[in-house]
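Asks:
Chains as they are written, first to last, in this note's numbering: chain S, 18 to 345; chain V, 6 to 247.
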């Protein structure tokens, strides 16, 4: 079942990319295209023929368990690490041959958000701005401080900031030169729920007209933020599709938990084409083509069955993720 | 390069390193030059800055590695090296920025000793009885030596993520390149080659400059050793990148 799902998704992805290449050449050049990327550390294959693309104007979620190769891919895309083979094109520029050009148009928030703790917030942003040769530095820094909600902390040393604010400084740093491409490595890890929402808002508002790739291992984040999701496991791409499509594919397996006051005869349901399975204490898991709820109600009504509750077996991306990345 | 240089200098000034280094250098050299009985110039009776130029290299052997030990080691430990590498800097710009920041600090600690020259100039009998050419040559030698030591320090810092290892390694390499070759050459097995081994070390060239003989080849030697260590730094960093 799972394998069937995956192959169909990949097929879909392939079709889409050929359309993109032929009809929308321009859009293709304004994105990040990863092509059969392989990275070998010593004897260990960290990435194995990874290919995907992140279109412009959308947030691409890069999802995978810890150690799957997310950070490695991002480090290669930003020119920090070199690939063993394969290419990454950022706006049509090859990272391996023209790293400097790519770095100029890319904003990057590394994992664990390294910062110069002894610098003041403004001083740090000034340093980054000078590296990108941003014009009108003062205005730009002020703008970033406002956008990332750092007004109250702007004259403090970074060491004195809480984790959430440090993360904002990291984001401000990545956005200061108004980059075409934004690469964020686990931008929300370790934040409290309020900070999480705020940082997500900043990312969302910054993402218009940009190519954003965001890595995470939190499913809700992908559902809340991303338009597209690429799932990677043990250095291989296991899924690459729009978020809705991934959920839709899983819907075929959608089922409902039906609870009665007393035990019932399951044959009543199986006769009308529903798959029913007892799952203990007068609960039954019912599945079938389309929405089986109407049929369940109808049968219950006709046979005077004491129906107590029907609830959907929630299929979230979480399930998709677990199905795709579990040990086989 | 300029933005890295500025950042490094800010770090020196914010962290007191600059004040401590310049302060200790001047106090140490000042004591040796004017106070300590064995070395002070007043008892010696000749208007010479010999003391400064023969002892300063040994003081720098400890101070310069202390300046440079954090340059790459700390960036690596804090992970900020990833930031530096993903900002649009050329690799050599990062190295040069860090080198010149350290070198400027060395220059600023040497600069106040010019006061000694003028003091001696007026203490001389008759006034102005001082070997100006020798002192100019010595200053050039000392400044270039500071450059080499800084480059050695930067390279040692690039080799490791640990500041203490970086410090010890740099101090040892500075000593070895300064006086080590001289001592090696004095071992009784080399016969004719001993002269060549001597020439590899810094001391021979530094001494020639101290005599006021500003030979082009010595200046080129000192500059190219600095360049060599900075280039080695680049190779080391490239290797570590993987």
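In this text, a Cβ means the ideal position worked out from N, Cα and C, and glycines have one as well.
For residue 125/S, is the beta carbon positioned less than 7 Å from some heavy atom of the ligand ZN?
Replies: This structure does not include the ligand ZN; it has no bound ligands of any sort.
Asks: So, does the segment 142 to 152 of chain V touch the segment 213 to 228 of chain V, judging by three or more C-beta pairs under 8 Å?
Replies: yes
Asks: Span of the alpha helix (DSSP H) holding residue 326/S?
Replies: Careful: residue 326/S lies outside any alpha helix (DSSP H), inside the beta strand (DSSP E) at 324 to 329.
Asks: Go ahead and label residue 248/S buried or exposed: buried means 16 or more other beta carbons lie within 10 angstroms of its beta carbon, across all protein chains shown.
Replies: Burial of residue 248/S is indicated by the presence of at least 16 other C-beta atoms within 10 angstroms of its C-beta.
Asks: Among 205/V, 139/V, 94/V and 160/V, which one has its Cα closest to the Cα of residue 184/V?
Replies: Checking every option, the nearest Cα to that of residue 184/V belongs to 205/V.
Asks: Scan the segment 218 to 303 of chain S and note each continuous beta strand (DSSP E) run of 3 residues or more that stays entirely inside, going in chain order.
Replies: 228 to 233, 245 to 250, 253 to 259, 272 to 277 and 292 to 295
Asks: Since residue 20/V is in the beta strand (DSSP E), which residue starts that stretch and which ends it?
Replies: Premise fails: residue 20/V is in no beta strand (DSSP E) and is neither H nor E.
Asks: Leaving out five residues before and five after residue 96/V in sequence, what residues of the same chain have Cβ atoms less than 7 Å from its Cβ?
Replies: 239 and 242
Asks: Does the distance from the CB of residue 85/S to the CB of residue 250/S come in under 8 Å?
Replies: Yes; because the gap between Cβ atoms is below 8 Å, this pair is in contact.
Asks: Rounded to the nearest angstrom, what separates residue 320/S and residue 261/S at their Cα positions?
Replies: 38 Å
Asks: With DSSP as the reference, label residue 193/S as helix, strand or coil.
Replies: coil
Asks: Check for me: the beta strand (DSSP E) holding residue 66/S runs from which residue to which?
Replies: 61 to 71
Asks: Would residue 76/S be called buried (16 or more neighbouring beta carbons within 10 Å of its own) or exposed?
Replies: buried
Asks: Return the chain-ordered list of same chain residues with a C-beta closer than 6 Å to the C-beta of residue 244/S, the five sequence neighbours on each side being excluded.
Replies: Around residue 244/S, the same chain offers 75 and 76 as residues with beta carbons nearer than 6 Å, after the five sequence neighbours per side are excluded.
Asks: Does residue 314/S pass the burial test, meaning 16 or more other C-beta atoms within 10 Å, or should it be called exposed?
Replies: exposed
Asks: Here's the rule I'm using: 16 or more other beta-carbon atoms within 10 Å means buried, otherwise exposed. How should residue 218/S be labelled?
Replies: exposed
Asks: Look at the Cβ atom of residue 275/S, then the Cβ atom of residue 316/S, and state whether they are nearer than 8 Å.
Replies: no
Asks: If I'm right that residue 192/S touches residue 143/S with Cβ under 8 Å, what's the distance once you round it to whole angstroms?
Replies: Rounded, the Cβ-Cβ distance is 15 Å, inconsistent with contact.
Asks: Compute the Euclidean distance between the alpha carbons of residue 279/S and residue 325/S, then round it to the nearest angstrom.
Replies: Approximately 10 Å, taken between the alpha carbons.
Asks: DSSP three-state label for residue 227/V, please.
Replies: Residue 227/V carries a helical assignment under DSSP once its states are collapsed to helix, strand and coil.
Asks: Mind the definition here: the segment 164 to 179 of chain S touches the segment 120 to 134 of chain S only if three or more C-beta pairs lie below 8 Å; say whether that holds.
Replies: yes
Asks: Using the C-alpha atoms, what's the distance from residue 236/S back to residue 48/S?
Replies: 24 Å
Asks: Where residue 107/S and residue 215/V are concerned, what is the direct C-alpha to C-alpha distance, given to the nearest angstrom?
Replies: Cα atoms of residue 107/S and residue 215/V: separation of roughly 56 Å, rounded to the nearest angstrom.
Asks: Helix, strand or coil, according to DSSP, for residue 209/S in the structure here?
Replies: Correct three-state label for residue 209/S: coil.
Asks: Checking contacts by CB at 8 Å: is residue 135/S closer than that to chain V?
Replies: yes
Asks: Using only CA atoms, which one of 29/V, 170/V, 61/V and 113/V lies nearest to residue 14/V?
Replies: Of 29/V, 170/V, 61/V and 113/V, the residue nearest in Cα terms is 113/V.
Asks: Just verifying my parser: in three-state terms, what is the DSSP assignment at residue 77/V?
Replies: coil
Asks: Just by C-beta distance, which residues in the segment 142 to 154 of chain S are closer than 7 Å to chain V?
Replies: 144, 145, 147, 148 and 149
Asks: List, from N- to C-terminal side, the alpha helix (DSSP H) runs of 4 residues or more that fit wholly inside the segment 63 to 150 of chain S.
Replies: 87 to 94, 116 to 122 and 138 to 148
Asks: Anything in the segment 79 to 107 of chain S with a Cβ closer than 8 Å to a Cβ of chain V? List those residues in chain order, please.
Replies: Against chain V - using a Cβ distance shorter than 8 Å - the residues of the segment 79 to 107 of chain S are 92, 95, 96, 97, 98 and 99.
Asks: Leaving aside the five residues before and after residue 17/S along the sequence, list all residues of the same chain whose C-beta is less than 8 Å from its C-beta, in chain order.
Replies: Lying before the first or after the last residue shown, residue 17/S is absent from chain S, which here runs from 18 to 345.
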